[in-house]
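See structure below.
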Amino acid sequence: MKRIAVVMVLALVAVGCGVPRPERTGNYAPVVVPSETFADDLAVLEKHGGVIVLSDATGQAQVAVVPAFQGRVMTSTAEGPGGMSFGWINRELLLSAKTLQHINPFGGEDRFWMGPEGGQFSIFFAKDSPFDLEHWFTPAAIDTKYFNLVSRTATSALFQQRFQLVNYSGTKFDVDVRRQIRLLGADEAWNRLGLAPMLGARLVAFESVNTITNAGKEPWQKDTGLLSIWILGMFNPSPKTTVVIPLKSEKASDLSPAAAPVKDDYFGKVPPDRLVIKDTTAYFSADGKCRSKIGVGPKFVKPVMGSYDAANHVLTIVQFTLPPDAKDYVNSMWKIQDDPYAGDVANSYNDGPPAPGAKPLGPFYELESSSPAAALAPGQSLEHTHRTIHLRGGEQDLDAIARKVLGMGLKDITTALPQKAK
Numbered sequence: 003m004k005r006i007a008v009v010m011v012l013a014l015v016a017v018g019c020g021v022p023r024p025e026r027t028g029n030y031a032p033v034v035v036p037s038e039t040f041a042d043d044l045a046v047l048e049k050h051g052g053v054i055v056l057s058d059a060t061g062q063a064q065v066a067v068v069p070a071f072q073g074r075v076m077t078s079t080a081e082g083p084g085g086m087s088f089g090w091i092n093r094e095l096l097l098s099a100k101t102l103q104h105i106n107p108f109g110g111e112d113r114f115w116m117g118p119e120g121g122q123f124s125i126f127f128a129k130d131s132p133f134d135l136e137h138w139f140t141p142a143a144i145d146t147k148y149f150n151l152v153s154r155t156a157t158s159a160l161f162q163q164r165f166q167l168v169n170y171s172g173t174k175f176d177v178d179v180r181r182q183i184r185l186l187g188a189d190e191a192w193n194r195l196g197l198a199p200m201l202g203a204r205l206v207a208f209e210s211v212n213t214i215t216n217a218g219k220e221p222w223q224k225d226t227g228l229l230s231i232w233i234l235g236m237f238n239p240s241p242k243t244t245v246v247i248p249l250k251s252e253k254a255s256d257l258s259p260a261a262a263p264v265k266d267d268y269f270g271k272v273p274p275d276r277l278v279i280k281d282t283t284a285y286f287s288a289d290g291k292c293r294s295k296i297g298v299g300p301k302f303v304k305p306v307m308g309s310y311d312a313a314n315h316v317l318t319i320v321q322f323t324l325p326p327d328a329k330d331y332v333n334s335m336w337k338i339q340d341d342p343y344a345g346d347v348a349n350s351y352n353d354g355p356p357a358p359g360a361k362p363l364g365p366f367y368e369l370e371s372s373s374p375a376a377a378l379a380p381g382q383s384l385e386h387t388h389r390t391i392h393l394r395g396g397e398q399d400l401d402a403i404a405r406k407v408l409g410m411g412l413k414d415i416t417t418a419l420p421q422k423a424k
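Taking the numbering used here, I'd label the letters of the sequence shown as residues 3 to 424.
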């Protein structure tokens, strides 16, 4: 079992770009492969401890939530049970019924994690252990622990759990978590986008409202380590998927290479044909063919990011809480850090083979957001909301939505990266 776990972790943290997979093709409303439908994903999930399905009155917008995976949103659809399933699900691991040692990457569009991952205040490494694969473990509380269902309606589910975490420096945290999953109605979703409804675009929108409370007797302080809420969404890649992250700047020089508005060296520097910063936007390849990750800190981040899958005509928008004065975000780099609160607010990860010819973990890509570091007194709480909206439809409507929400049109997105401009 240990060998299996280490192999799985190697896929999570190794560096490198592998051999490209055959390209999938498709136009608007393509024939969906049966194994990728929402109904088929539900069948897999129901064999692994049960699933809660949230649905609107029409039955078209649906969301699948699994309590056993910390109240995780596993997948969603805008087109009913036979429609496209938007979340990436690790079918192989789910159907194996195995429990891995270092992490159980089941997948899911909105999963609850906590940071920091690395550094002197890490909750993934035990006290004084080296920062290497063999000593990296995802806390059970955010990996295998069941979250209790407190209440549910047709469009929402509330979960709760309490646990203790210990960081690398030996600080103990008693944490109470409340996590509400909400399926948004169409009117609310369009309002969140700042647009009038467009009949040519089908959508599903949901959000997680995540609250952590200091359930202990001692305050959480910067000098002994702080925690953060970390929400990660895992999605199905395609050769024509590009992540879009709008950047904030006060002057043009803010976004120059010297200013480094985007961190791009998590797993080795991202190749230049896979990350382009143009005007006030970062474009990042999400094709599932090259393991790489980027991040944006509080100085440059806006409370929105997204992606466009031109193969399947899917525009994904992620919105998240961004307190205007927050500056301290936990740093997850795997080393003792000079500044443990110089971390990212928004991240995107692209999966790929850990070495040429090797099998990728997914493949998948991720859109992630984090709360500020939580300096909480006993009984005090911090809340972080992460919202996901998928839209599928004609290019004219999707183009108008992208321009309004992300600040650029579909042509800008599909031609931003050199390999996608061909």
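No residue lacks a Cβ here, since even glycine has one placed at the ideal position from N, Cα and C. In this text the structure is predicted, and so the values were computed from the model without any measurement.
Between the stretch 348–357 and the stretch 184–193, do at least 3 Cβ pairs fall closer than 8 Å?
Segment contact: the stretch 348–357 against the stretch 184–193, fewer than three CB-CB distances shorter than 8 Å; contact not assigned.
Suppose you measure from the CA of residue 387 to the CA of residue 201; what does that come to, to the nearest Å?
As a working mapping, residue 387 is identified with position 385 in the sequence shown. As a working mapping, residue 201 is identified with position 199 in the sequence shown. Going by the C-alpha atoms only, they are around 27 Å apart.
Residue range of the alpha helix (DSSP H) that includes residue 251:
Taking the sequence shown and counting its residues from 1, the one referred to as residue 251 is at position 249. Segment: none, residue 251 is in no alpha helix (DSSP H) and carries neither H nor E.
C-beta contact flag for residue 247 and residue 283 at 9 Å
By one-based count along the sequence shown, residue 247 stands at place 245. By one-based count along the sequence shown, residue 283 stands at place 281. Contact flag set, yes.
Helix, strand or coil: how does DSSP classify residue 276 here?
Here residue 276 refers to the residue found at position 274 when the sequence shown is read from its first residue. Residue state, collapsed to three classes: coil.
Check residue 415 in the structure and name its three-state DSSP category.
As a first step, residue 415 is located in the sequence shown; it is residue number 413 there, counting from the start. Looking at residue 415 - three-state DSSP - the assignment turns out to be helix.
Can you tell me whether DSSP reads residue 339 as helix, strand or coil?
As a position in the sequence shown, residue 339 is number 337, starting the count at 1. Coil, per DSSP.
Give the DSSP-derived three-state secondary structure of residue 393 in the structure shown.
Taking the first residue of the sequence shown as 1, we reach residue 393 at position 391. Strand, per DSSP.
Backbone secondary structure at residue 53 - three-state DSSP
On the sequence shown, residue 53 is found 51 positions in, with the first residue counted as 1. Coil at residue 53, not helix or strand.
Suppose contacts are defined by Cβ-Cβ distances below 9 Å. Is residue 121 in contact with residue 280 by that definition?
The residue labelled residue 121 in the question sits at position 119 within the sequence shown. The residue labelled residue 280 in the question sits at position 278 within the sequence shown. No, the pair does not count as a contact, with Cβ atoms beyond the cut-off.
Can you give me the C-alpha to C-alpha distance between residue 417 and residue 241, rounded to a whole angstrom?
Within the sequence shown, the letter at position 415 stands for residue 417. Within the sequence shown, the letter at position 239 stands for residue 241. Cα to Cα, residue 417 sits roughly 13 Å from residue 241.
Counting along the chain, where does the alpha helix (DSSP H) carrying residue 46 start and finish?
Translated into positions along the sequence shown, residue 46 becomes position 44. Per DSSP, residue 46 belongs to the alpha helix (DSSP H) from 40–48.
Identity of the residue in 376, 368, 393 nearest residue 109 by Cα:
The residue labelled residue 109 in the question sits at position 107 within the sequence shown. Residue 368 is the option with its Cα nearest to residue 109.
According to DSSP, is residue 126 helix, strand or coil?
Your numbering for residue 126 matches position 124 in the sequence shown. Here residue 126 sits in coil by DSSP.
Cβ-based burial, residue 235 [other Cβ within 10 Å; buried from 16]:
Taking the first residue of the sequence shown as position 1, residue 235 is located at position 233. Residue 235 should be labelled buried.
Please list, in chain order, all residues of the same chain as residue 194 whose beta carbon is under 8 Å from its beta carbon, the five residues on each side excluded.
Numbered from its first residue, the sequence shown carries residue 194 at position 192. Result list for residue 194: 186, 207, 321, 389, 391, in chain order.
Label residue 169 either buried or exposed according to how many other C-beta atoms from any shown protein chain fall within 10 Å of its C-beta, with 16 as the threshold for buried.
Your numbering for residue 169 matches position 167 in the sequence shown. Its Cβ being crowded by 16 or more others within 10 Å, residue 169 is buried.
Residue from 266, 303, 304, 300 whose Cα sits closest to the Cα of residue 429
The structure shown does not extend to residue 429, since the chain is modelled only from 3 to 424, so the question has no answer here.
For residue 140, the nearest candidate out of 171, 101, 130 (CA to CA):
Residue 140 sits at position 138 when you count from the first residue of the sequence shown. If we check each option's Cα against that of residue 140, 101 comes out closest.
Out of curiosity, what's the CA-to-CA distance linking residue 398 and residue 157?
If you number the sequence shown from 1, residue 398 lands on position 396. If you number the sequence shown from 1, residue 157 lands on position 155. One C-alpha to the other measures close to 30 Å.
Helix, strand or coil at residue 209 according to DSSP, with G and I counted as helix:
Locating residue 209 in the sequence shown gives position 207, counting from the first residue. Strand, per DSSP.
Just to check my reading of the structure: residue 308 and residue 408 have Cβ atoms closer than 8 Å, yes? What is that Cβ distance to the nearest angstrom?
Looking up residue 308 in the sequence shown gives position 306. Looking up residue 408 in the sequence shown gives position 406. The Cβ separation is near 5 Å, so the contact holds.
Should the stretch 46–65 be called in touch with the stretch 173–182, which here means at least 3 C-beta pairs below 8 Å?
no
Cβ-Cβ separation, residue 270 to residue 362 (assumed contact under 8 Å), whole Å:
Taking the sequence shown and counting its residues from 1, the one referred to as residue 362 is at position 360. Taking the sequence shown and counting its residues from 1, the one referred to as residue 270 is at position 268. So it is not a contact: roughly 16 Å between Cβ atoms.
Kindly provide the ranges of any beta strand (DSSP E) runs that are 3 or more residues long and lie completely inside the stretch 70–140, ordered along the chain.
Restricted to the stretch 70–140, the beta strand (DSSP E) segments that are unbroken, complete and at least 3 residues in length are 74–79, 113–117, listed in chain order.
Residue 222 in three-state terms, based on DSSP
In the sequence shown, counting from the first residue as 1, residue 222 sits at position 220. Secondary structure at residue 222: coil, using DSSP grouped into helix, strand and coil.
Would you identify the three-state DSSP class for residue 382, choosing helix, strand or coil?
Counting from 1 along the sequence shown, the entry for residue 382 is found at position 380. Three-state result, residue 382: coil.
Report all residues from its chain with a CB closer than 7 Å to the CB of residue 328; omit the five preceding and five following residues, and keep chain order.
Here residue 328 refers to the residue found at position 326 of the sequence shown. Excluding residues within five positions, the ones whose Cβ falls inside 7 Å are 300, 374.
Given a cut-off of 9 Å, decide if residue 62 and residue 81 are closer than it, judged by their beta-carbon atoms.
Position 79 of the sequence shown, counting from 1, holds the residue named residue 81. Position 60 of the sequence shown, counting from 1, holds the residue named residue 62. Yes, the pair counts as a contact, with Cβ atoms nearer than the cut-off.
Assuming residue 193 is part of the alpha helix (DSSP H), what are its boundary residues?
In the sequence shown, residue 193 corresponds to position 191, counting from 1. Per DSSP, residue 193 belongs to the alpha helix (DSSP H) from 188–195.
Through-space distance from residue 129 to residue 238, alpha-carbon basis
Within the sequence shown, residue 238 is the residue found at index 236, counting from 1. Within the sequence shown, residue 129 is the residue found at index 127, counting from 1. When rounded, the distance between both Cα atoms is 36 Å.
Beta-carbon proximity list for residue 17, same chain, < 8 Å, skipping 5 on both sides:
As a position in the sequence shown, residue 17 is number 15, starting the count at 1. Any reading at residue 17 is ruled out, since the residue's pLDDT is 42, under 50, leaving its predicted position unreliable.
Just to confirm, is the Cβ distance from residue 379 to residue 228 under 9 Å?
Here residue 379 corresponds to residue number 377 of the sequence shown, with the count starting at 1. Here residue 228 corresponds to residue number 226 of the sequence shown, with the count starting at 1. Taking C-beta atoms as the reference points, residue 379 and residue 228 fail to come closer than 9 Å.
Indicate whether residue 306 and residue 296 have their beta-carbon atoms separated by less than 9 Å.
Against the sequence shown, residue 306 aligns to sequence position 304. Against the sequence shown, residue 296 aligns to sequence position 294. No.
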